[in-house]
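Below you'll find the structure, written out as structure tokens, and then a few comments.
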Amino acid sequence: MNEKSNAVLTVGFFTVIILIFTIADWLTGDRIYSENENRMLATRPKFSAETLLDGSFMEDYETYVTDQFVGRDTWVELKTRGDVLLQKKVINGVYLGEDDYLIEQHLSKDIKQEDVDKKIALLNGLVEKYGAKAMLIPTADNILSDKLPFQAEYFDQKQFLDRVEEVIGEENLINVYDTLKAHAREDIYYRTDHHWTTLGAYYGYVVWKKQAGNTAVITFDPDHLTTVTDEFLGTLHSKLNLPHRKDSIQTFPETMLKQPMITYDFQTVTYTYYEEKYLDTKNKYGYFLDDNHPFIEIETGYRRGRELVLLKNSYANCLVPLLANHYDKIYMIDLRYYNGKLDNLVDQYMTPGTDMLVLYDCIHFIEDFNYYK
Amino acid sequence: MVFSSVLFLFRFLPIFFILYFMTYLWPAARRMRNVILLLGSLFFYAWGEPVYVVLLLFSTLSDYVHGRLIGRFRERKVLAKVLLFTSILINLGVLGFFKYADFLLQGVNQLAGTNLPLFELPLPIGISFYTFQTMSYTIDVYRGEAKVQKNLLNFGVFVTMFPQLIAGPIVRYVDVQDDLRDHHGSIEDISYGIRRFIVGLAKKVLLANNLGLLWEEVLAVGPDNLNVLLGWLGIMAFAFQIYFDFSGYSDMAIGLGAIMGFRFPENFKYPYISCSVTEFWRRWHMTLGQWFRDYVYIPLGGNRKGLGRQVLNILIVWMLTGIWHGANWNFLLWGLWFAFFLILEKVGFGGLLDYLPKIYGFFYTALVVLLGWVIFAIEDMNGILTYVKAMFGFGAAGLYNGNALFLLKEYAVLLLVAVAASVPLVNTVANRLKKGGSGLAIAVRRFLEKVIPAVLLLASIAYIVDASYNPFLYFRF
Numbered sequence: 001m002n003e004k005s006n007a008v009l010t011v012g013f014f015t016v017i018i019l020i021f022t023i024a025d026w027l028t029g030d031r032i033y034s035e036n037e038n039r040m041l042a043t044r045p046k047f048s049a050e051t052l053l054d055g056s057f058m059e060d061y062e063t064y065v066t067d068q069f070v071g072r073d074t075w076v077e078l079k080t081r082g083d084v085l086l087q088k089k090v091i092n093g094v095y096l097g098e099d100d101y102l103i104e105q106h107l108s109k110d111i112k113q114e115d116v117d118k119k120i121a122l123l124n125g126l127v128e129k130y131g132a133k134a135m136l137i138p139t140a141d142n143i144l145s146d147k148l149p150f151q152a153e154y155f156d157q158k159q160f161l162d163r164v165e166e167v168i169g170e171e172n173l174i175n176v177y178d179t180l181k182a183h184a185r186e187d188i189y190y191r192t193d194h195h196w197t198t199l200g201a202y203y204g205y206v207v208w209k210k211q212a213g214n215t216a217v218i219t220f221d222p223d224h225l226t227t228v229t230d231e232f233l234g235t236l237h238s239k240l241n242l243p244h245r246k247d248s249i250q251t252f253p254e255t256m257l258k259q260p261m262i263t264y265d266f267q268t269v270t271y272t273y274y275e276e277k278y279l280d281t282k283n284k285y286g287y288f289l290d291d292n293h294p295f296i297e298i299e300t301g302y303r304r305g306r307e308l309v310l311l312k313n314s315y316a317n318c319l320v321p322l323l324a325n326h327y328d329k330i331y332m333i334d335l336r337y338y339n340g341k342l343d344n345l346v347d348q349y350m351t352p353g354t355d356m357l358v359l360y361d362c363i364h365f366i367e368d369f370n371y372y373k
Numbered sequence: 001m002v003f004s005s006v007l008f009l010f011r012f013l014p015i016f017f018i019l020y021f022m023t024y025l026w027p028a029a030r031r032m033r034n035v036i037l038l039l040g041s042l043f044f045y046a047w048g049e050p051v052y053v054v055l056l057l058f059s060t061l062s063d064y065v066h067g068r069l070i071g072r073f074r075e076r077k078v079l080a081k082v083l084l085f086t087s088i089l090i091n092l093g094v095l096g097f098f099k100y101a102d103f104l105l106q107g108v109n110q111l112a113g114t115n116l117p118l119f120e121l122p123l124p125i126g127i128s129f130y131t132f133q134t135m136s137y138t139i140d141v142y143r144g145e146a147k148v149q150k151n152l153l154n155f156g157v158f159v160t161m162f163p164q165l166i167a168g169p170i171v172r173y174v175d176v177q178d179d180l181r182d183h184h185g186s187i188e189d190i191s192y193g194i195r196r197f198i199v200g201l202a203k204k205v206l207l208a209n210n211l212g213l214l215w216e217e218v219l220a221v222g223p224d225n226l227n228v229l230l231g232w233l234g235i236m237a238f239a240f241q242i243y244f245d246f247s248g249y250s251d252m253a254i255g256l257g258a259i260m261g262f263r264f265p266e267n268f269k270y271p272y273i274s275c276s277v278t279e280f281w282r283r284w285h286m287t288l289g290q291w292f293r294d295y296v297y298i299p300l301g302g303n304r305k306g307l308g309r310q311v312l313n314i315l316i317v318w319m320l321t322g323i324w325h326g327a328n329w330n331f332l333l334w335g336l337w338f339a340f341f342l343i344l345e346k347v348g349f350g351g352l353l354d355y356l357p358k359i360y361g362f363f364y365t366a367l368v369v370l371l372g373w374v375i376f377a378i379e380d381m382n383g384i385l386t387y388v389k390a391m392f393g394f395g396a397a398g399l400y401n402g403n404a405l406f407l408l409k410e411y412a413v414l415l416l417v418a419v420a421a422s423v424p425l426v427n428t429v430a431n432r433l434k435k436g437g438s439g440l441a442i443a444v445r446r447f448l449e450k451v452i453p454a455v456l457l458l459a460s461i462a463y464i465v466d467a468s469y470n471p472f473l474y475f476r477f
């Protein structure tokens, strides 16, 4: 073979590579939603003289083409493998921790003190107005700090919780930091997801019960935890898209002793905390209370003479089945999705004998907590 | 449109080259190449600058007309000179208005305490590059070094050609005047061009972007909290980022040019192995250095009018070089910083360096260049001072901290790859293989020639698809 035919071969080889992907990309249809990334993908932008001249059509078109590029998830996996090859320990904002833990990275530099103070002041407003209590759950990077890579930084949530305690008063904060830390060797966080596990929620529940002085009808025993799936690959896995040890999702059988009646957004009624259908999807954590809803009303089936208004994010979903036996009714409000005025809603439910609990993980509390829309 | 995007690689590139290579099918279609190239380039530019594409066309037309007039009136010395003058005035006027007007107004406002309003216009993409290219044409026509281009299409192709329109290399008209009329990439040219393009793409996407993340991390710490280790780590990351970003872009441009049979000048020659600042500037952004040498330094008298005049000329050229990189004081300072060392080397230090073992020259140059990058990358004076202090242990935050160790470990492999990629090692091995005449050596080379670019291409696509982090640094200029 002479140099000329070698060149022909080289040109042909790379032409084919480019054309294969171009044609494959052209032939595959658009996806609306990426299950892996848990977000809507960009769609073909509308063309107009205005969007053409200000350049927004071109920008949107680029986002669209990149979002819809053929084999998107495989490319992301390939990129992660590249990073692993380069010995990187933090990839797409996720630490590759020891013992197969993927741990979301939260850095102090990304968190502004003034935002923190603002959120705490908002919380304090609820404490003063409704006697709310708060349970702000530290994320895995703080509790599992021993499993982080060498010298990996994290936003110190113990200090943050001390600050919250200072403002709203010790008696109003259910501080689970030390308890979770004491159980750090157990599986209290998922290895592939940013949530705490049912066991983690149980330890949180124990602290809550003790502090609230509530008497429980039911005793939960961690030895009874039942695995409903061991095929769970969560959100942190999605950010890397590498093959990884799978997580189990567990429940306490004691939570099913009484059948609850659950009304989602004043419409759909079900009779269980656990939605089996999610176990066949990527979003298996949605098993707990049907993923995210702006408003959920639960009739627990218990007669305890008390009700609970719960302002929460998804960390609460696996805890609520444990709280149920303390209340007749629980109203769960997810402020990210709830668009009405909070006061109107809450005043309707906050009768004497109703508790209010604010339950978030510390990071999302700082990022998302807001009831002024 | 940037080269390192899905849009370019899997939309523009295939469609453009399918159209372009259709002209290979009929001998008569050969004349269509420039039409396709011009339309493709205008589309490419308008995609990013739907409005300022008009400015590009205006520049093209102005220099085309001036070129023809200067050619026509070459015998009438005064008139030719006036025409050259108006051509330069228009070019510098456009560049000055878009790039420096606000900077000057701010300066006036500060000095005189006035409150003149600023224009606040965005800088048209690539304007610094294409005005320099077109100026080379009219000046060379005036000097009789370039032939007058009578064909507007051919001239339009010279100015707007998409491979180097946006970020260089700065192609002088004389370098491509013959190719413009009739360009034809042989199959070897195309093969070389593809591989060169992929190498550039990988430099940009795999090295520059990822090292840029390290620099961002250090920047986010802020100059006040920097320690020694972070300071050095950060500026080294920036040095590699800007090198691989810019030289990667040049590689892509040269590669795309080669596919169409153009031979663009080289722009970088392993700058970081230089053993003097003079040598560094012979290896870094070579086409810009040559441009200033040919059109400013030598016309000013260069080194032919005595040392005093030479020193002045160096100062002028380097102030201009600095300010070419951006309308801000720090770029002026950056130019003067290099002028100082270039003059130092001219008046004797260079001779001294020649006597010392090369390693001294290397570390001296590295230090000057790295400190230069601090001036370049951090735009305010206080920040620059604080950063440099921290590098030498006079900062508030000491020698190192956990974060510095984490980042060092996190980026150690990438930094080693960057070092390996910025010395001639790989090229030397490749050349040795090329010379090796044995059947095995040829087979190995031919195999690697395909596999390595293929791996680099796939890896680059993966990082492009994954990343929202994909800015071209040199778009600011």
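Line by line, the protein sequences give chains A and B.
Numbering of the first sequence is given in the numbering used here, commencing with residue 1 and proceeding in unit increments.
Numbering of the second sequence is given in the numbering used here, commencing with residue 1 and proceeding in unit increments.
Heads up, the beta-carbon is just placed ideally off N, CA and C, and yes, glycines get one too.
Please read these numbers as outputs of a predicted model, since none were measured by experiment.
Per DSSP, the bridge partner or partners of residue i
| i | result |
| --- | --- |
| Tyr95 of chain A | A:Val90 and A:Ile103 |
| Leu310 of chain A | A:Met332 and A:Leu357 |
| Ser276 of chain B | Answer is none; Ser276 of chain B lacks a bridge partner. |
| Arg39 of chain A | A:Ser34 |
| Gln196 of chain A | At residue 196 of chain A the sequence reads Trp, which differs from the Gln that was named. Its beta-bridge partners are A:Tyr189. |
| Thr270 of chain A | A:Ile262 |
| Glu297 of chain A | A:Thr263 and A:Tyr331 |
| Thr226 of chain A | A:Thr251 |
| Ile137 of chain A | A:Asp361 |
| Phe232 of chain A | A:Asp247 |
| Phe288 of chain A | A:Tyr274 |
Rounded separation between residue i and residue j - CA only
| i | j | result |
| --- | --- | --- |
| Phe472 of chain B | Phe155 of chain B | Per-residue confidence for Phe472 of chain B stands at a pLDDT of 42, beneath the threshold of 50, marking its modelled position as unreliable; the derived number appears in the next sentence. Using only the alpha carbons, I get a separation of about 27 angstroms. |
| Asp251 of chain B | Val116 of chain A | 47 angstroms |
| Thr287 of chain B | Arg293 of chain B | 10 angstroms |
| Arg11 of chain B | Thr22 of chain A | 7 angstroms |
| Ala237 of chain B | Trp337 of chain B | 21 angstroms |
| Leu121 of chain B | Ser238 of chain A | 41 angstroms |
| Tyr469 of chain B | Leu201 of chain B | Annotation note: pLDDT 40 at Tyr469 of chain B (below 50); position unreliable, no value reported. |
| Phe477 of chain B | Tyr337 of chain A | For Phe477 of chain B, the predicted structure reports a pLDDT of 41, less than 50, and the residue's modelled location is therefore unreliable. A value from the coordinates is still provided. Spanning the two alpha carbons is a distance of roughly 44 angstroms. |
| Gly173 of chain B | Phe132 of chain B | The sequence given here has Tyr at residue 173 of chain B, not Gly. Using only the alpha carbons, I get a separation of about 10 angstroms. |
| Trp215 of chain B | Gly234 of chain B | 5 angstroms |
| Gly335 of chain B | Phe197 of chain B | 31 angstroms |
Span of the beta strand (DSSP E), counted from its first residue to its last, around residue i
| i | result |
| --- | --- |
| Gln250 of chain A | Asp247 to Thr251 |
| Ile174 of chain A | Neither: Ile174 of chain A is in no beta strand (DSSP E) and is coded neither H nor E. |
Proximity below 9 angstroms, CB of residue i to CB of residue j
| i | j | result |
| --- | --- | --- |
| Ile166 of chain B | Met135 of chain B | no |
| Leu136 of chain A | Leu173 of chain A | yes |
| Phe240 of chain B | Leu211 of chain B | yes |
| Ile296 of chain A | Asp265 of chain A | yes |
| Val221 of chain B | Lys282 of chain A | no |
| Ala412 of chain B | Gly82 of chain A | no |
Start and end residues, alpha helix (DSSP H) containing residue i
| i | result |
| --- | --- |
| Val176 of chain B | Tyr173 to Arg181 |
| Lys450 of chain B | Gly439 to Asp466 |
| Lys129 of chain A | Gln113 to Tyr130 |
| Met32 of chain B | Met32 to Gly48 |
| Leu344 of chain B | Trp329 to Leu344 |
| Asn313 of chain B | Leu307 to Trp324 |
| Arg72 of chain B | Val53 to Arg72 |
| Ser128 of chain B | Ile127 to Arg143 |
task: Residues of the segment 233-265 of chain A with a CB closer than 9 angstroms to any CB of chain B: list them in chain order, please.
output: Along the segment 233-265 of chain A, none of the residues has a CB nearer than 9 angstroms to a CB of chain B.
- prompt: Using a beta-carbon distance cut-off of less than 7 angstroms, what residues from the segment 31-55 of chain A approach chain B?
  reply: Leu52, Leu53 and Gly55
query: Going along the chain, which residues of the segment 78-91 of chain A sit with their C-beta nearer than 9 angstroms to a C-beta in chain B?
result: Leu78, Lys79, Thr80, Arg81, Gly82, Asp83, Leu85, Leu86, Gln87, Lys88, Lys89 and Val90
- request: Residues of the segment 103-125 of chain A with a CB closer than 9 angstroms to any CB of chain B: list them in chain order, please.
  value: Leu107, Lys109 and Asp110
message: Please list, in chain order, the residues of the segment 159-170 of chain B that have any C-beta partner in chain A closer than 9 angstroms.
response: none
field: Residues of the segment 53-72 of chain A whose Cβ lies closer than 7 angstroms to any Cβ of chain B, in chain order
entry: For chain B, the residues of the segment 53-72 of chain A that bring a beta carbon within less than 7 angstroms of one of its beta carbons are Leu53, Gly55, Met58, Glu62, Val65, Thr66, Phe69 and Arg72, in chain order.
field: chain B contacts made by the segment 151-170 of chain A, where a contact means CB separation under 9 angstroms
entry: Gln151, Ala152 and Glu153
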